[in-house]
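Novice: Got a structure for you, questions after.
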Amino acid sequence: IIIDEIDRLKIQTLDLLRDIYDQNDVGMVFIGMQGIEKRLSKYPQLYSRIGFAHEFKKLSSSEIKHILEYRCQDIGLAIDYENFEDYDAINRIIKLTNGNFRLLQRLFTQIDRIMEINNLEKISSDVVQAARESLIIGFTE
Numbered sequence: 001i002i003i004d005e006i007d008r009l010k011i012q013t014l015d016l017l018r019d020i021y022d023q024n025d026v027g028m029v030f031i032g033m034q035g036i037e038k039r040l041s042k043y044p045q046l047y048s049r050i051g052f053a054h055e056f057k058k059l060s061s062s063e064i065k066h067i068l069e070y071r072c073q074d075i076g077l078a079i080d081y082e083n084f085e086d087y088d089a090i091n092r093i094i095k096l097t098n099g100n101f102r103l104l105q106r107l108f109t110q111i112d113r114i115m116e117i118n119n120l121e122k123i124s125s126d127v128v129q130a131a132r133e134s135l136i137i138g139f140t141e
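Taking my numbering, I'd label the letters of the sequence shown as residues 1 to 141.
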């Protein structure tokens, strides 16, 4: 069972999750914001059942490039790092998303939408900027 935003749950819900774990012998993955491990440690009945905690770091530039290559391949595009326009667009995406996987996914969804609407075959900095502007939240730049 995967529980996202565990940090938003009340103690009663955490107790319910502990009961589900005990009664069904199932594994659970808790996903939350920084500091969730400290908060859960205040509930020893639940915390004693946690096997380990893992904190995900920001994606590196090479990881972002790998994800972009995969996503581009998915929609039939190839990235040419020798082409200045491709290189510039990719660097813009890396800078905008700052290693945030969720933001990268949201931005690329908008890039794909904009390219499809406009019958474009290349990701340019203008497309990246238009995609950025179409997102409501997420960018600090």
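Cβ coordinates follow ideal geometry from the N, Cα and C atoms, glycine included.
Could you tell me the alpha carbon to alpha carbon distance between I75 and D112, rounded to whole angstroms?
Specialist: Position 75 of the sequence shown, counted from the start, is the residue given in the question as residue 75. Position 112 of the sequence shown, counted from the start, is the residue given in the question as residue 112. Between I75 and D112, the C-alpha separation is close to 8 Å.
Novice: Candidates C72, G27 and R8: which alpha carbon is nearest I50's?
Specialist: Here residue 50 is taken as the residue at index 50 of the sequence shown, counted from 1. Considering only alpha carbons, the answer is G27.
Novice: Taking a contact to mean a Cβ-Cβ separation below 9 Å, would you say G99 touches I64 in this structure?
Specialist: Position 99 of the sequence shown, counting from 1, holds the residue named residue 99. Position 64 of the sequence shown, counting from 1, holds the residue named residue 64. Yes. Within cutoff.
Novice: Would the segment 25 to 40 count as touching the segment 69 to 87 if we require 3 or more Cβ pairs under 8 Å?
Specialist: no
Novice: Name the residue from K10, V128 and I11 whose alpha carbon lies nearest to the alpha carbon of L104.
Specialist: On the sequence shown, residue 104 is found 104 positions in, with the first residue counted as 1. Nearest option by C-alpha distance: V128.
Novice: If we require 4 or more residues per run, which alpha helix (DSSP H) segments fall completely within the segment 20 to 86?
Specialist: 36 to 40, 44 to 47 and 61 to 74
Novice: How is I2 classed by DSSP in three states: helix, strand or coil?
Specialist: Taking the sequence shown and counting its residues from 1, the one referred to as residue 2 is at position 2. Reduced to three states, the DSSP call for I2 is strand.
Novice: Please name the residue, chosen from R106, L16 and E121, that lies closest to A78 on a Cα-to-Cα basis.
Specialist: Looking up residue 78 in the sequence shown gives position 78. A78 has its Cα closest to that of E121, out of R106, L16 and E121.
Novice: What's the gap between the Cα of D4 and the Cα of E55?
Specialist: Position 4 of the sequence shown holds residue 4. Position 55 of the sequence shown holds residue 55. Each residue's Cα considered, the two are about 14 Å apart.
Novice: Rounding to the nearest angstrom, what Cα-Cα distance links K58 and L107 in this structure?
Specialist: Numbered from its first residue, the sequence shown carries residue 58 at position 58. Numbered from its first residue, the sequence shown carries residue 107 at position 107. Computed Cα separation, rounded: 16 Å.
Novice: Among the candidates S62, R18 and Q110, whose CA atom is the shortest distance from the CA of S134?
Specialist: Position 134 of the sequence shown, counted from the first residue, corresponds to residue 134. Per the Cα distances, Q110.
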